[in-house]
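Each number in the working numbering corresponds to the 1-based position in the sequence shown with 4 added. Don't be surprised by glycine CBs; every beta carbon is placed ideally from N, CA and C. See structure below.
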Amino acid sequence: MSEKRRLSIGVLDGDGIGPEIVPVAVDVASAAAACEDLEFDWVRAALGVEAIGPHGTPLPDSTLAALDALDVWILGPHDSASYPQEFRNALTPGATIRKRFGLYANIRPCRAYQGVAATAPDIDVVIARENSEGLYADRNMKVGSGEFMPTPDIALAVGVITRDASRRIAREAFRLAQQRGRHVTIVHKANVLRLSTGLFRDACLEVAAEYPDVVVDEQHVDAMAALLVRRPTDFDVLVTENLFGDILSDLAAELAGSLGMAGSINCSDTKAMAQASHGAAPDIAGRGIADPVGILASTAMMLRWWGDHRDDDALIRCASRIDYAVEATLAAGIRTADLGGIASTREFGDAVAAATACTPA
Ligand code: ATP
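Put into structure tokens, the structure is as follows:
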């Protein structure tokens, strides 16, 4: 029998529902890998509440050192609001990781699954969200935070938009569009935030000139929110700054069925991190009912990204196996509570893992 090829992937469970959904992603990816003569060595690293006791910090140096050596990893959600007070004002673990590894692109596809009730069953969009600046106080300054309180009654927030970062995410969006519907919508608010989101729009339009095969148009973010609800099928790839992208991707995910099903990766040109669009969902944590589809879709995206970058078809087939297995499981009527089903997180995950074997990749 031939030796299985071994590849290392990082895994950080995180907080809230993380320890319930991330192990499901590990099991499903391992099952898919076994069908492709691959074996993943899971490199576990501590993050969040579980790290504070033994390491005295939610993001230990040993975790960052482990990630230094890896191309890809799965990050569970973190719930920094639940950390002891001394850690709450610090950079969140996710932001620190994104900053350290320059994960500038947050790619968030939203598509309805067959048989799952959705407000917009035909929606099929990808949001390319700039991930390194904007109004995000946790990542737009080298030192200190981008928020200030000169008096107890006045709060200021700095929004950072740079031409380089805007062009970088625009390129990602246009490359994505070339593999899909060849249509990019630039989302901004340049009628009000003329200089900042105006610069974002202009930088994206500069990049658009390099992709004459892709149709480009633009929308103000508020109109975009309305149009996503009214005419979701008019859109393909949306490129936008950080905060707008965060909000629009939650909207698009819910239109497609459930926020719990939305996958996402954060990537640079050399590293990718699977991280579901949703947060730690503390309201349902510990009950075994969380929907693992979002983290499974994220894991598949990460493997596809890796396969593309390494020119490794087996990884791409692994990703397809996971996607098909999730679709088949949902189509068979197995669902978690957020979709009106009765399957636990683990039961749903076991069904998906089993389906990876019989799924034509
Ligand atoms: P963050 O700002 O960290 O992204 P959030 O404020 O957007 O977090 P979430 O933690 O994503 O909030 O939760 C929003 C709602 O969606 C909650 O009611 C939560 O229970 C639900 N939810 C989120 N993820 C899932 C999931 N995987 N399965 C089921 N429900 C989920």
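Per DSSP, what kind of secondary structure is D254 in: helix, strand or coil?
Residue state, collapsed to three classes: helix.
State yes or no: is the C-beta of I21 nearer than 7 Å to some heavy atom of ligand 1?
Because some heavy atom of ligand 1 lies under 7 Å away, the Cβ of I21 counts as near it: yes.
The beta strand (DSSP E) with T166 in it runs from where to where?
Run containing T166: none; DSSP gives neither H nor E here.
Quick one: what does DSSP say H59 is sitting in, helix, strand or coil?
In the three-state reduction of the DSSP assignment, H59 falls in the helix class.
Since P296 contacts A29 with CB under 8 Å, what's their CB separation in whole angstroms?
Right, their Cβ atoms sit about 7 Å apart.
For L242, which of helix, strand or coil comes out of DSSP?
DSSP, reduced to helix, strand and coil, places L242 within a strand of the structure shown.
Sort out for me which residues DSSP pairs L11 with in a bridge.
Bridge pairing for L11: F44 [DSSP].
May I ask you to verify whether the segment 160 to 179 touches the segment 125 to 133, counting CB pairs closer than 8 Å and requiring at least 3?
Short answer: they touch.
Can you tell me whether L180 is buried or exposed, with buried defined as 16 or more other CB within 10 angstroms of its CB?
Result: buried.
Find the nearest neighbour of C4 within the set E331, A266, A257, judged by alpha-carbon distance.
Given a span of 5 to 365 for the chain in the structure shown, any question on residue 4 remains unanswerable.
What does L79 pair with, by DSSP beta-bridge criteria?
Beta-bridge partners of L79 (DSSP): L16.
The alpha helix (DSSP H) that contains E24, what's its start and end?
Unbroken alpha helix (DSSP H) run through E24: 22 to 38.
Do I78 and M306 have their CB atoms nearer than 8 Å?
Yes.
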